[in-house]
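A quick write-up on the structure given underneath.
Protein chains: 2
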Amino acid sequence: MRIALDAMGSDNCPQPEVCGAVEAARKFGDEITLIGPEDKLREILSDTSSESLPVHIIHTTETITMHDKGRQLTLKAKHKDSKTTMAVGMDMLKSGNADVFVTAGNTGGALATAYFRLGMIPGVKRPAITVLFPVKNGRCAVLDIGANPNCKPDHLLQFAIMGSIYANKVLDIQNPRVGLISNGEEAGKGNDLVKDTYPILEASGLNFVGNLEGKEIFGGKADVAVTDGFTGNVVLKTSEAVAKMFTDILRKELMSSMRTKIGAKLAMPAFNNLKKILDPSEVGAAPLLGINGLVFIGHGRSDTQSIVSAIRSARQAVNANLINALNSAIKKRIEFIYDQEEQ
Amino acid sequence: MRIALDAMGSDNCPQPEVCGAVEAARKFGDEITLIGPEDKLREILSDTSSESLPVHIIHTTETITMHDKGRQLTLKAKHKDSKTTMAVGMDMLKSGNADVFVTAGNTGGALATAYFRLGMIPGVKRPAITVLFPVKNGRCAVLDIGANPNCKPDHLLQFAIMGSIYANKVLDIQNPRVGLISNGEEAGKGNDLVKDTYPILEASGLNFVGNLEGKEIFGGKADVAVTDGFTGNVVLKTSEAVAKMFTDILRKELMSSMRTKIGAKLAMPAFNNLKKILDPSEVGAAPLLGINGLVFIGHGRSDTQSIVSAIRSARQAVNANLINALNSAIKKRIEFIYDQEEQ
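Sequence lines, in order, name chains A and B.
Count the first sequence with my numbering and you get residues 3 to 345, in order.
Count the second sequence with my numbering and you get residues 3 to 345, in order.
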């Protein structure tokens, strides 16, 4: 298996990427190509005693940063001569020189680059950005969390199909439970989009478990939560912000007296476990669904372990032939619609 | 001042309501009328040595419960002979026998009852449910959190105007900062509704601070956060669910060993402070904005202190003559629109 890795994606790049690549190559035996400035990568690589491992470098100095937006981002994503780490990696996918591309960089940049260089799986109307949320007793794949601020029921149906296939093939969940994010758990609750989508999901043949409020999402009622990119993004940002506020206040309060400081020290294993359960690096990277090629996106805050875990998810998608599975699920669904129309 | 209080609203009713009424009457000297089953209320009241206080009872046995939905709820809310605690309380407002109505009951029920019995402030197109979020260094009033799953820019503008007046008059905030919940803080980010609303808020003369993501809301960037009822409800439910997951995991981890148990015991003051900062009873009740009468809704989980705090907010709204202020702000805005159209 050949994995292409954006060496310049994470907030602390390229250290986590280089060390993660080395550890993953050692662990899984895969061929890993780091994409980024050769000198810098070589320097970190030389400290890792990785001479015998199948870790390669493809040199480029261009990147897509968090500051790239609008026209400039489109140009970097689209132009055939673009040499950003993402463009180079996706071109490797396109030409068959890599099986999967992994990045911890700008999600919008990855989506745009993927859209222009790899295109869509035939029949898919909109690509979706997926993230894994830590929930009670596991994880929940939420999509779309930002690619499509305005959606139609058709789009949400395709997200549900793709999310279900992904949960099954990559997260190893039998018959994944699919829910619809809404402002009430009962059927009939929702805005127009949700109300129109509900009966379509109910009739879809998927394991549809109905509407999801926050307590159902985080209570682990579904393996896949489907929503438009605006709402999904608001859910993501809200949960991150609440978790941060909670942690900030707790930390401040624990440091406010000698007694609580000692208590905090003793209780440290509990805090560490809490952190581990809610840690993005433990939750893993997730794919851009609908793109005609395997692109996995990890958290910007990724450390070495997050990169290894992102590579683990990515290779599982390759092994499960995720793109083929998505392709035939979407095709089958289109045939199903044609059948219905003919009747 | 005459305050009408739904005695059967909170999860543990009527204990918190009766004790809260007594404490508030003692504290503020206001006349408080408890609405609910007289025997039950009288029994609790008799333990409070409140004979000399202006606490009255109006007897009714009907209530709106969490199970009331759809047609049944509408009937209870609308029918002229309805004797639910909410109908009785709002009829008191309507007939001038009370200045404000306070309930910790079913929000949808309160909204429906208010809508049918009190009507709207002239010119207001949609009523909005407001909640106060605990945020860094204070509170943020978020509206709408559920009355209107589908909104238009006009509605959001009115929410912004009403939220701003409320924050100024009741929360005592000079020139309240108003933001728009979106999937990105930059102007230009958003779904169609947000993109269409942004320039209207920018030109509104309000202290508009732009788009808000989770980190801006909980970071305290705005005093008022405006959104459609679907998104607002999702934000509310997501934050409650994340906070609950956080607390549940932390509690479980702290109880997992003798060492962490001792640590937790020592750190208890910090946990108590955290709880206090995030406690709904400390954050307070909020009004139904746009309704032609003062209706304040507190949390279902209200205890005695929450009821006292809800009454405190309610009486401040009466003192500030909130309905008049809303009335003239909406009227002024309508005149402003007419002026523009004439030009």
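All C-beta atoms in this analysis are idealised placements derived from N, C-alpha and C, irrespective of residue type, glycine included.
These figures come from a predicted structure and were not determined experimentally.
Any C-beta of chain A under 8 Å from that of residue i
i                      : result
residue 161 of chain B : no
residue 247 of chain B : yes
residue 217 of chain B : yes
residue 148 of chain B : yes
residue 223 of chain B : no
residue 194 of chain B : yes
residue 226 of chain B : no
residue 38 of chain B  : no
residue 237 of chain B : yes
residue 328 of chain B : no
residue 265 of chain B : yes
residue 138 of chain B : yes
residue 25 of chain B  : no
residue 76 of chain B  : no
Distance, residue j Cα to residue i Cα
i                      : j                      : result
residue 107 of chain B : residue 66 of chain B  : 8 Å
residue 216 of chain B : residue 51 of chain B  : 47 Å
residue 181 of chain B : residue 237 of chain A : 17 Å
residue 278 of chain A : residue 280 of chain B : 23 Å
residue 32 of chain A  : residue 95 of chain A  : 16 Å
residue 73 of chain B  : residue 219 of chain A : 29 Å
residue 82 of chain A  : residue 92 of chain A  : 12 Å
residue 239 of chain A : residue 9 of chain B   : 37 Å
residue 274 of chain A : residue 251 of chain B : 11 Å
residue 338 of chain A : residue 205 of chain A : 12 Å
residue 255 of chain A : residue 44 of chain B  : 42 Å
residue 90 of chain A  : residue 35 of chain A  : 11 Å
residue 263 of chain B : residue 305 of chain B : 28 Å
residue 188 of chain A : residue 197 of chain A : 11 Å
residue 100 of chain A : residue 119 of chain A : 14 Å
residue 266 of chain A : residue 7 of chain B   : 43 Å
Residue from the options whose Cα sits closest to the Cα of residue i
i                      : options                       : result
residue 334 of chain B : B:207, B:246 and B:218        : B:207
residue 86 of chain A  : A:37, A:262, A:249 and A:117  : A:37
residue 287 of chain A : A:342, A:337, A:74 and A:102  : A:102
residue 62 of chain A  : A:266, A:195, A:88 and A:211  : A:88
residue 177 of chain B : B:163, B:187, B:190 and B:188 : B:163
residue 127 of chain A : A:294, A:45 and A:56          : A:294
residue 148 of chain B : B:4, B:298, B:290 and B:258   : B:290
residue 53 of chain A  : A:70, A:71, A:253 and A:28    : A:28
residue 248 of chain A : B:111, B:45, B:136 and B:26   : B:136
residue 296 of chain A : A:130, A:191, A:188 and A:45  : A:130
residue 144 of chain B : B:7, B:117, B:214 and B:84    : B:214
residue 133 of chain A : A:327, A:304, A:326 and A:300 : A:300
residue 114 of chain A : A:3, A:71, A:146 and A:98     : A:71
residue 30 of chain A  : A:117, A:57 and A:340         : A:57
residue 298 of chain B : B:98, B:116, B:336 and B:326  : B:116
Own chain residues within Cβ distance below 6 Å of residue i, not counting five before or after
i                      : result
residue 158 of chain B : 199 and 228
residue 47 of chain B  : 20
residue 39 of chain A  : 63
residue 210 of chain B : 180, 203 and 204
Cβ of residue i within 8 Å of any chain B Cβ
i                      : result
residue 127 of chain A : no
residue 154 of chain A : no
residue 112 of chain A : no
residue 107 of chain A : no
residue 130 of chain A : no
residue 271 of chain A : yes
residue 209 of chain A : no
residue 243 of chain A : yes
residue 134 of chain A : no
residue 141 of chain A : no
residue 151 of chain A : yes
Proximal residues to residue i (C-beta, below 7 Å), its chain only, five neighbours per side dropped
i                      : result
residue 172 of chain B : 315, 318, 319, 322 and 324
residue 138 of chain A : 220, 221 and 222
residue 55 of chain B  : 24, 27 and 28
Own chain, CB closer than 8 Å to residue i, minus 5 neighbours either side, in chain order
i                      : result
residue 195 of chain B : 153, 154, 155, 158 and 230
residue 49 of chain A  : none
residue 245 of chain A : 280
(message) With three or more C-beta pairs closer than 8 Å as the rule, is the stretch 164 to 180 of chain A touching the stretch 224 to 231 of chain A?
(response) Yes, the stretch 224 to 231 of chain A touches the stretch 164 to 180 of chain A.
(message) Counting beta carbon pairs with one atom in the stretch 121 to 133 of chain A and one in the stretch 322 to 337 of chain A, are three or more of them shorter than 8 Å?
(response) Yes, since at least three Cβ pairs between the stretch 322 to 337 of chain A and the stretch 121 to 133 of chain A fall closer than 8 Å, the two stretches touch.
(request) State whether the stretch 293 to 311 of chain A contacts the stretch 16 to 31 of chain A, with contact taken as three or more CB pairs (one from each stretch) at a distance under 8 Å. (result) Contact between the stretch 293 to 311 of chain A and the stretch 16 to 31 of chain A is present, because at least three Cβ pairs lie under 8 Å.
(message) Would you call the stretch 7 to 20 of chain A in contact with the stretch 96 to 107 of chain A, where contact means no fewer than 3 C-beta pairs closer than 8 Å?
(response) In the pairwise beta carbon analysis, the stretch 7 to 20 of chain A is classified as touching the stretch 96 to 107 of chain A: at least three pairs are separated by under 8 Å.
(message) When you compare the stretch 75 to 92 of chain B with the stretch 54 to 66 of chain B, are there three or more beta-carbon pairs, one atom per stretch, that lie closer than 8 Å?
(response) Touching, yes.
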